[in-house]
Each structure stands twice: as C-alpha cells, then as structure tokens.
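Have a look at the structure below before the remarks.
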Amino acid sequence: MCLASGCGCNDSRHHSSIAEYYRKVLCAIEGATKANIPLKKSGDDSYNVPGWNDYVDEKHSEARYAYLEWLREGKPRFGLLFQRMQRTRANFKLAFRFCRQHELQLRADACATNLKNNDPIKFWHSVKKISNSKATKYVSTIGGVTGEHNIAELWKNHFAQLYNSVNCDNDAVIFKKSLSLMGDDKITVCLGDVVDSISKQKKGKSAGPDNINSEAFIYGGIRLATHLCILINLFITHSFLSDSFTKSTIIPLVKCKTGDLTDINNYRAITLSNAITKILESILLAYVNDKSAVVDSQFGFKPGHSTSLCTHSFKYIVDYYTNRGSHVFVCFADCTKAFDRVNYWKLFKQLLDDGLSASIVSLLAFWYSHQHVSVQWRKAVSSSFSVGNGTRQGGVLSPCLFDSYISKLICTINGIRAGCNIGGICMNILAYADDVVLLAPSWFALQQLIKTLEYGALDIDMECNDSKTVCMVFSPKNKRKTVASAFPNFMLNGVALQYVAEFKYLGHIISNDNADDKDVLREVRLLFTRANILNRRFGLCSVSVKITLFRSFCICFYGMALWKKYNAGTLDRLRSGYIY
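Here you go:
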C-alpha cells in the first residue's frame, strides 16, 4: 500500500483490503468474547428479586427437586410425594411473596450489609439500583407520535435536521483545496501509544453498534494491540475508515424529569460509538493538543480549570472596577446548539492553519464526513442518516476541537482592545466552552463587543440566541460616582436585549449588587431537595448507610470559596439547614 499525501489514497482496492482486515479483527474479538465472557444483552428487562439468595433460593431448590420427583412418579394425587411437593411449593411461594412485599427493606438491608463488609463497589451498586429510574419507561407519545418505530423515525428526522442545518458545501471545497496543497508528512503510531490509549479506557461502558465492549480491548493482550496498531497506521496513511467504524447510535435522554416528557425539546442526545473509536481518538488527541492554540480566556476543558475559577475571575473583574468607582456592563451570551452547529470543514481548515499534520486532519475529515448515525428508542432503531455539521457527541476529541473552533472568535474579541483591562491584560471576554460573557466599563464598549460577537459568530456559523442573551449592570461601590440608574438597551441581531437583576452563570447566581445571598440560598434549597430525595429513596436504610449517603450527596460546598458578601442571617439559614 502507498503512503498518500493530500486527501489520502483513493485506491478502492486498498480501501477494500483495510475494511476486510478491520472486519476480521472485529470477528476475532467477537468470537473470543463470546467464547470466554458471558454477556447480558443490552435492554434486558429481567428482574432480580431482592433477598432471593437469603430467603428463596434454598426453598426454590427444594420445591424444584420435590416437583421433579413427583413428576417422575406419574403425578400422584395423594401420598408422601404429593404432600411433599405441595409443602415445598407453599414454602417457596411464601418466601417469594415475602421478598416481593418487603422489596425496599431488603434492598436497604443489602446496602447496610455491603457497607458493613467494607465493600464500596457493591454498596454503590446497590445504591444505584435503588435510585435508578427510567423516566421514559412509560412514555408512549413523543411530539404527538405513538409507536416505538414511529417515534424512532421522528427522532431521526429531528436529529437529521439539526446535524445538517449549516450549509458547508463551499467550505468543504476550500478545505479540500488547501489540503491538496499540503506536503507529504508521515505520521506513525507506535505500539506503546496504542497500549497507553487502551489503558485509559473505562470499564462498564455500553457497547456501540458493533456490540463490542471496551473490556475486550483492555484484556485483549499485546497481540490485539499489535493488530490495532497496524490498523490505525493504515487508517492514517490512507485517510480511510471502514463504514462499520463510523457508525454510531443516538439515544434521547430526558433533560428535566419533572417536565413534559412528551415534548421533543425536553430531550438531549447521547451517542454510543464503537469502543475502538475511543482508542483512536485518544491517540489523535495528543497530536491535536500539541498544535491547539491556548487561549487564556477559555476555561473549559482545560486541566486545572473549573467553573468556579471562571466565576471567580468574573467576580474579581467586577470588584476591581466597582471598587475604583466605575460601572461594569456585562452581557451573558447564549449560543444556540453551539457544539451541534460546528462547521467542521472550517474547523479542519483552521487545524491545517495551526500546523496540525495533514494526515491527521485528512483522517478526521473523512471520519466526520462519512458518519452513519441512527436513533434508538427503546428496542426500535431508526434508519441511518449522514451528519453535515457538529462535533461528535461524547468523543474525547470533541472538547479540544471545539476549543480550537471557538478560539478564533475569542481572539477576535480580545483583539479589538475594548472592554475591561487589568494591568495591561485585556479581560473583555470569559468563556467556559460555549458559555460566553462580555465585560466592559462603558455602555459603548460593551455594545462594540456585542457587535463583534455577532459578526464573529456568523463567521463561524454560530448563532447567538437574542431571546436568552441578557445584560446586567454593576454600579460603583461609591454611590456618588454612579452615572445613571438606567441605560439604553443593547442590540443583538437587531433585537433589544433585556436587563436582569440576577443570572445563573455556571451554576452560581450572580446578582447586580454583587452580593452572594441568593447563591447561598440556592445551596440551601439544594440541601433540602437532596435530603428529601435521600429520605424518600433510602428511608428504610440503616443509620450508617444514611450517614454515608448524606455525606456524599448532601454535603456539597463546591464553589463556597466564591461567597464573599452576604448577610449573617443567610449563613445562619445554611447552618441551620445542616443542623436540622
């Protein structure tokens, strides 16, 4: 096989050989898995009776043995065998009925036993069984459509429209032309990279369309890793992936379980991909990270960064200006379906400009442009559709690629040098993934930033939702330096943006008086909500189990360090909540 440059090798014989090699590797894995590991089918509705081993199992065995003896003797209607069969069957049914009637208590006892035996894995597994409830189990209608197959096709049309909502034809031509002008570069993945990538895979994950779990690769040994290494090098060299490799399945999940479960907008998508795709993505991630531009204003998907760090930076900027007698004008921008509307042809063109290997970019371009996605609703699976825009949901590469994609917009806003500035460093924008906030000490400067955001978003095919984008004004601490109590509305997409007195930003409530009382009260409400859920689901558990769960679920002080200005009474409410 040849080492191709540009868009890769176009020899169909090479592609057929790679696809056949990939098929044989998967068949070998599947055969070895079936021969050595018993698997439970996905979606199995079998029911495990709590307390069966302790109360029912022995009586069931006795009843089964007595029944077979009675059957062997011709089913007599009287005598010792008949009486024994009736007695053992009655004992079995009585024990089984007891387990069904005391299911919650027996599950609670199982939690207590696992905790007493210092078995955390079984303990949390028992907790998960008690708390797990499928919100869509009894939903029979979605968007006015009934029937599993009809609903699956409804979801397919919904997601097909979303993932083909951006016109990318011209950008695809530009990218392919740029790729054809790139020189030859040889990327070789060594066996150590593959072994390291396999070691990073997580166990217990659902299998993709190929029905192969990640454990098959984790325990596959060095021979399997060698074949994967050869396959991945062939993929990169020829910029080709087999059709079965690019398949994935979307499963709709409920956003708000207390909302309208028949509303199609109350669902989000989670994608199941083949386990081998995660191994390839983990290997490519090192190459992409090496060439990705680091933007200081972006806090999302970075080691050592968090939502609290981003919120702290926001509060620090506001305090810096208000303490010095200045207003701070803020715009919380909302980007509609930011990850799903990514124009990946522009993204790949940008990766080429950043200096990423043409072989890697060419492989990613082939992968994204040859995706085959279907939607599963319960046991029904829709027909497949192609994807024209958006990052791969759930892929380890997707956060890094999105950061690279939006970095151009962030750099453009930073480059106009308008807005807040501390120590010569421009602090006019903060971003956590697609959550963007603009900051400026004057009305005119923020309007300029909003215009730049509007045009920059259009340039990368993103849309700012003017109905969810809001503004806020922070007044100076010295009231004598207040310019005005009211200001004109800012404009975005020709629509006037509304001012708000408070806004929930990255999980924390921001108030225009810069006080943290409402954020503390938010934590108080969450405390009582979690405690009520804990009491309802685990009320029959032992005290030790309840204490462990309370410490895990209810004692949550994440972001508490951000609380700086609050009333003593507000803190007393939080304290009394835990005492209560």
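The opening position of the sequence shown corresponds to residue 0 in numbering that gives the first Met the number 0, with each subsequent residue numbered one higher.
We put the CB at the ideal spot given by N, CA and C, even for glycine.
The DSSP assignment places no complete run of the alpha helix (DSSP H) inside the stretch 466-500 (cut-off: 4 residues). Per DSSP, the beta-bridge partners of Asp434 are Tyr431. The continuous beta strand (DSSP E) containing Ser510 extends over residues 507-510. CA-to-CA, the gap between Ile421 and Gly324 works out to about 15 Å. A check of alpha carbon separations from Pro487 across Leu533, Glu19, Leu496 identifies Leu496 as the nearest. For a cut-off of 8 Å, the C-beta gap from Ile459 to Leu400 is around 13 Å, too long to register as a contact.
For Ile415, the secondary structure class from DSSP, reduced to helix, strand or coil, is coil.
Distance between Ser551 and Trp562, taken at the CA atoms: about 22 Å. Closest in C-alpha terms to Asn464, from the list Asp333, Tyr454, Ala444, comes Asp333. Contact between Asn163 and Asn388 is confirmed by a C-beta separation of about 7 Å, below the 8 Å threshold.
Between Gly418 and Leu448, the C-beta gap is smaller than 8 Å, which places the two residues in contact.
Rounded to whole angstroms, the Cβ separation of Val499 and Met471 is 6 Å, and the two are in contact under 8 Å. A Cβ-Cβ distance of about 5 Å is found for the pair Arg267 and Lys254, placing them in contact under the 8 Å criterion. Going by DSSP, Tyr266 is part of the beta strand (DSSP E) stretching over 266-272.
For Thr248, the uninterrupted beta strand (DSSP E) run begins and ends at 246-253, by DSSP. Under the DSSP assignment, His237 falls outside any beta strand (DSSP E), being part of the alpha helix (DSSP H) whose first and last residues are 220-237. DSSP, reduced to helix, strand and coil, places Ile424 within a strand of the structure shown. Secondary structure at Trp376: strand, using DSSP grouped into helix, strand and coil. Assigned with DSSP and collapsed to three states, His371 falls in strand.
Measuring C-alpha to C-alpha distances from Glu522 to each of Val544, Thr468, Leu505, Tyr557 identifies Tyr557 as the nearest.
Looking only at Lys301, Pro302, Leu505, Thr547, the smallest Cα-Cα distance to Asn117 is reached by Thr547. In the DSSP annotation of this structure, the continuous segment of the alpha helix (DSSP H) that includes Phe527 starts and ends at 516-537. Sixteen is the threshold: since fewer than 16 other Cβ atoms of the shown chains lie within 10 Å of the Cβ of Val172, the residue is exposed. Check the Cα spacing between Ala439 and each of Ser403, Val327, Ile275, Gly576: the tightest is with Val327.
Look at Val544 here: in three-state DSSP terms it is helix.
For Val341, there is no enclosing alpha helix (DSSP H), as DSSP gives it neither H nor E. Look at the beta carbons and you see the stretch 360-373 not touching the stretch 500-517: under three pairs across the two are nearer than 8 Å. Between Leu178 and Ser403 a beta carbon distance of about 17 Å is seen, past the 8 Å cut, so the two are scored as non-contacting.
Ala94 places its beta carbon 8 Å or farther from that of Tyr64. Contact between Asp209 and Asn273 holds: CB atoms are separated by about 5 Å, below the 8 Å threshold.
Going by DSSP, Val55 is part of no alpha helix (DSSP H) at all; its letter is neither H nor E. Inter-residue distance for Cys26 and His13 is about 20 Å (C-alpha atoms, whole angstroms).
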